[in-house]
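The working numbering numbers the first residue of the sequence shown as 1 and each following residue consecutively.
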Amino acid sequence: MTKQFHDNVLPSDALDQLFFEGRTYNGWLDKPVSDEQMHAIWDLVKMGPTSANMQPSRIVWCKSDDAKRRLAELASEGNRAKILSAPVTAIIGYDIDFHEELPWLFPHTDAKSWFDGDEAGRKVGAFRNSSLQGGYFILAARALGLDTGPMSGFDNDAVDKEFFTDDPRVKSNFICSVGYGDPDSIFDRSPRPDFDRFNVIV
Numbered sequence: 001m002t003k004q005f006h007d008n009v010l011p012s013d014a015l016d017q018l019f020f021e022g023r024t025y026n027g028w029l030d031k032p033v034s035d036e037q038m039h040a041i042w043d044l045v046k047m048g049p050t051s052a053n054m055q056p057s058r059i060v061w062c063k064s065d066d067a068k069r070r071l072a073e074l075a076s077e078g079n080r081a082k083i084l085s086a087p088v089t090a091i092i093g094y095d096i097d098f099h100e101e102l103p104w105l106f107p108h109t110d111a112k113s114w115f116d117g118d119e120a121g122r123k124v125g126a127f128r129n130s131s132l133q134g135g136y137f138i139l140a141a142r143a144l145g146l147d148t149g150p151m152s153g154f155d156n157d158a159v160d161k162e163f164f165t166d167d168p169r170v171k172s173n174f175i176c177s178v179g180y181g182d183p184d185s186i187f188d189r190s191p192r193p194d195f196d197r198f199n200v201i202v
């Protein structure tokens with residue numbers, strides 16, 4: 001059906017993998033995620049558009065048992081087992097001082113000056129664009145044959161102190177487990193609205 005729009009539409013099995021059959025997993029198979037796979041996820045994430053190519057995301061990949069334990073202790077009770085059983089759980093953070101990197105990330109103009117002296121504006125931009133990058137993260141992992149389990153449900157301030165202590169200008173946005181999902185850990189898919197429910201064409 002999607003072929004009616006454009007010749008370059010992805011095949012239905014790719015759309016299924018990314019969207020229609022992609023799920024949020026609560027449990028994980030005992031199968032590792034390699035460092036190479038984590039690098040491959042980032043290599044896709046960084047290609048997604050952000051405002052002025054600001055790239056505010058800073059990611060900590062909790063892979064070791066110690067890192068997962070430390071993160072789980074700062075999560076809500078319902079999320080602890082998810083973190084401990086996942087091969088990797090990534091902390092998707094954002095750098096409030098992302099503008100310091102703009103001279104090389106966006107060299108076409110003096111974009112750094114747009115954000116100098118405007119910390120409030122930088123916080124808004126960093127949070128918004130790191131959220132975009134978090135969405136790319138989920139799709140990138142799915143595109144590479146992995147499953148994800150994005151979560152809030154943790155103490156942001158405590159996570160920032162524990163994992164971003166070397167750079168207090170970085171703040172956590174959300175966390176996302178990555179691995180091979182256990183099919184028994186998911187619920188029936190929740191309803192999704194039709195176009196007319198939440199959309200207006202003007």
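Ideal Cβ positions, reconstructed from N, Cα and C, are used throughout, including at glycine.
Beta-carbon contacts of residue i that lie in its chain and below 8 Å, excluding the five residues immediately before and after
{"i": "threonine 50", "result": "Pro56, Asn129, Leu132, Gln133"}
{"i": "isoleucine 186", "result": "Arg23, Thr24, Tyr25, Asn26"}
{"i": "aspartate 167", "result": "Arg58, Asp95"}
Nearest-angstrom beta carbon gap, residue j and residue i [assumed within contact, 8 Å]
{"i": "glycine 145", "j": "tryptophan 28", "result": "No, glycine 145 and tryptophan 28 are not in contact; Cβ-Cβ is about 14 Å, not under 8 Å."}
{"i": "leucine 84", "j": "lysine 68", "result": "6 Å"}
{"i": "asparagine 53", "j": "phenylalanine 106", "result": "5 Å"}
{"i": "alanine 14", "j": "leucine 74", "result": "Alanine 14 to leucine 74, Cβ: 36 Å. No contact."}
{"i": "arginine 169", "j": "aspartate 97", "result": "5 Å"}
Residue of the options minimising C-alpha distance to residue i
{"i": "valine 124", "options": "His99, Ala143, Asp147", "result": "His99"}
{"i": "serine 76", "options": "Pro191, Gly181, Asn156", "result": "Asn156"}
{"i": "asparagine 79", "options": "Asp110, Arg169, Ser152, Lys31", "result": "Ser152"}
{"i": "serine 34", "options": "Pro87, Lys171, Gly181, Gly117", "result": "Pro87"}
Euclidean distance between Cα positions of residue i and residue j
{"i": "arginine 58", "j": "aspartate 160", "result": "12 Å"}
{"i": "phenylalanine 20", "j": "methionine 38", "result": "23 Å"}
{"i": "arginine 142", "j": "serine 177", "result": "12 Å"}
{"i": "glutamate 101", "j": "glutamate 162", "result": "24 Å"}
{"i": "valine 36", "j": "arginine 122", "result": "The sequence given here has glutamate at residue 36, not valine. Rounded to whole angstroms, glutamate 36 to arginine 122 spans 32 Å at the Cα level."}
{"i": "aspartate 16", "j": "aspartate 30", "result": "24 Å"}
{"i": "lysine 171", "j": "threonine 165", "result": "10 Å"}
{"i": "methionine 1", "j": "lysine 82", "result": "Here methionine 1 scores only 47 on pLDDT, less than 50, and its place in the model is too uncertain to base an answer on."}
{"i": "glycine 181", "j": "isoleucine 92", "result": "20 Å"}
{"i": "phenylalanine 212", "j": "proline 103", "result": "No information on residue 212 is available, as it lies outside the stretch 1 to 202 that the chain covers here."}
{"i": "aspartate 66", "j": "aspartate 43", "result": "26 Å"}
{"i": "leucine 18", "j": "phenylalanine 195", "result": "19 Å"}
{"i": "alanine 111", "j": "aspartate 188", "result": "46 Å"}
{"i": "proline 32", "j": "aspartate 7", "result": "37 Å"}
Beta-carbon proximity list for residue i, same chain, < 7 Å, skipping 5 on both sides
{"i": "phenylalanine 127", "result": "Tyr94, Asn173"}
{"i": "lysine 3", "result": "With a pLDDT of only 49 at lysine 3, under 50, the local geometry of the prediction cannot be trusted, and the value read off the model is given with reservation. Around lysine 3: Val9."}
{"i": "isoleucine 138", "result": "Thr148, Pro150, Cys176"}
{"i": "alanine 72", "result": "Arg80, Ile83, Leu84"}
Proximal residues to residue i (C-beta, below 6 Å), its chain only, five neighbours per side dropped
{"i": "tyrosine 136", "result": "Val45, Gly48"}
{"i": "isoleucine 213", "result": "The structure shown does not extend to residue 213, since the chain is modelled only from 1 to 202, so the question has no answer here."}
{"i": "alanine 90", "result": "Ile59, Trp61, Cys176"}
Runs of beta strand (DSSP E) lying entirely within the region 161-194, each at least 3 residues, in chain order: For the region 161-194, whole beta strand (DSSP E) runs of length 3 or above, ordered along the chain, are 170-179.
Please specify which runs of the alpha helix (DSSP H), each continuous and at least 4 residues long, are wholly inside the region 64-106, giving them in chain order. Whole alpha helix (DSSP H) segments, 4+ residues: 65-72, 77-85, 102-105.
Inside the region 127-164 only - alpha helix (DSSP H) runs reaching at least 4 residues: 156-163, all fully within the region 127-164.
Within the region 10-68, note down every full alpha helix (DSSP H) run reaching 4 residues or more, in order along the chain. Runs of the alpha helix (DSSP H) spanning 4 or more residues and lying entirely within the region 10-68 occur at 12-15, 35-45, in chain order.
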